[in-house]
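Note sheet for the following structure.
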Amino acid sequence: MNRHQTVSHGGTVLVVDDNQVNQNLLSHMLTRQGYDVQMASDGVQALASAANDPPDLILLDIMMPGMDGYEVCQQLKADEATRDIPVIFISALDATEDKVKAFAAGGVDYIPKPFEVPEVRARVQAHLGLRALQRDLQREIVERDKLIAELDAFAHTVAHDLKTPLTSIIGYAQLLEQAYGSLPEEQIRHHLGMIAQRGRDMSNIIDELLLLAGVRKMEEVKMTALDMGSIISKTQRRLSDMIEEHQAQIILPDTWPSAIGYGPWIEEVWVNYISNAIKYGGQPPRVELGAMEQADGSVRFWVRDNGAGLSAEEQEHLFIPFTRLSQVSAKGHGLGLSIVRRIVEKLGKQVGVEGDVGEGSTFYFTLPAE
């Protein structure tokens with residue numbers, strides 16, 4: 009099996025013919041049109057070539073020594089890896105029954121010999137165009153199925169996460185309604201405070217949903233140099249009540265490496281990471297922030313906690329949108345880390361978590377260095 013390559017790649021065509029003259033003629037014509045060409049002289053070579061390096065289209069002779077073209081095509085169509093490759097038969101057999109047999113074997117077209125080069129060129133171009141459209145459609149179907157599954161999980165997560173605080177609000181409201189006159193003022197204030205807190209929880213969930221929608225819709229993100237010290241200061245102010253409530257210790261580096269990104273989104277990443285480290289860290293929480301320049305031209309930022317840590321299985325699934333693990337489900341409302349992942353990937357970089365059970369966790373994200 010031989011292969012000729014061109015500078016301009018318009019697709020790969022496998023020419024299967026035991027006649028060297030036909031091989032050379034077709035190869036010359038196709039390479040001039042910008043196609044890569046693979047060549048095989050018999051059915052065994054053709055099947056091996058298609059399996060090892062699947063072409064975009066196959067030009068297949070029928071009358072060959074050993075395995076004929078019909079059998080080659082049938083075997084190609086029986087193999088999941090090659091069944092979608094369009095096969096055009098080129099043969100001196102010109103009877104109607106031969107053509108019918110070729111189409112029954114799985115061919116998409118039939119060109120009689122002696123062939124005309126312009127006709128072969130036109131048919132190859134047409135079927136490669138159809139093949140490209142088919143691939144685009146298959147990709148769209150896969151993406152749409154993925155989106156539908158994600159939306160189903162999204163709806164389940166949102167319903168669950170909004171129902172939890174709503175149930176609490178309804179419960180405290182019913183207590184007040186049923187026993188308002190007999191409750192001491194201190195208990196009334198407590199119930200009202202819990203209603204207000206659960207209302208804020210719902211508001212936070214809605215804010216994160218709006219942020220997630222904004223990240224999904226924004227096609228172009230303006231990347232600028234980040235003042236990470238200022239972003240961290242804003243983050244600490246937003247989390248000041250939580251930091252005070254948990255008596256958390258926040259440890260910061262003296263300086264930050266220069267990086268580029270979109271400031272408002274990066275602030276949300278820090279808010280998610282630090283709030284999780286506080287809520288699920290040790291007693292009291294010790295939250296260490298840091299950053300390090302990487303060899304690939306990025307900067308890795310991280311948050312390390314002193315919590316119970318996560319198993320390898322939990323780490324593997326943690327950033328998958330809207331999925332829940334039995335242990336992780338109690339840790340937040342299932343949106344925060346999905347948003348973090350979407351934000352950082354939108355900026356062209358990565359998120360992740362490291363650590364082990366009993367050793368705490370280190371959550372990180374990377375950004376392009378300035």
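Just so you know, we're using my numbering here: the sequence shown kicks off at 9 and counts up by one.
Note that CB positions come from ideal geometry on N, CA and C, so glycine has one too.
The count of Cβ pairs closer than 8 Å, one atom from the stretch 253-273 and one from the stretch 291-298, reaches three, so the stretches are in contact. Using a Cβ distance threshold of 8 Å, LEU67 and LEU101 do not count as a contacting pair. MET37 carries a helical assignment under DSSP once its states are collapsed to helix, strand and coil. The C-alpha of LEU200 lies about 14 Å from the C-alpha of PRO173. Boundaries of the beta strand (DSSP E) harbouring PRO376: 369-376, taken from the DSSP string. By the Cβ rule, the stretch 312-327 counts as touching the stretch 352-365, because three or more pairs are nearer than 8 Å. Membership of TYR281 in the alpha helix (DSSP H) is indicated by the continuous run 271-287.
Three or more pairs of CB atoms, one per stretch, sit closer than 8 Å, so the stretch 50-61 contacts the stretch 75-87. Rounded to the nearest angstrom, the gap between the Cα atoms of PHE327 and LEU219 is 17 Å.
By the Cβ-count criterion, GLN142 is exposed, with fewer than 16 other Cβ atoms from all chains shown falling within 10 Å of its own Cβ.
ALA130 is not bridged by DSSP to any residue. Taking 8 Å as the cut-off, the beta carbon of ALA267 is found closer than this to the beta carbon of ALA377. The C-alpha of TRP264 lies about 39 Å from the C-alpha of ALA167. Runs of the alpha helix (DSSP H) spanning 4 or more residues and lying entirely within the stretch 101-125 occur at 104-113, in chain order.
Distance from the CA of VAL150 to the CA of ALA140, rounded to the nearest whole angstrom, comes to 15 Å.
In this structure, DSSP gives SER346 a helical state, which the three-state scheme calls helix.
In its chain, beyond the 5 residues on either side, TRP264 have a beta carbon closer than 7 Å to the beta carbon of GLY237. Short of 7 Å from the beta carbon of GLU127, and not among the five residues preceding or following it, lie these beta carbons of its own chain, in chain order: ILE119. Secondary-structure assignment with DSSP links PHE97 through a beta bridge to LEU68, TYR118.
If you draw a straight line from the Cα of MET226 to the Cα of LYS85, it is about 42 Å long. VAL45 sits close to VAL21, with the two beta carbons spaced by under 8 Å. Between ALA181 and ILE203, the C-beta spacing is below 8 Å. For TRP310 and ARG206, the gap between their C-alpha atoms comes out near 30 Å.
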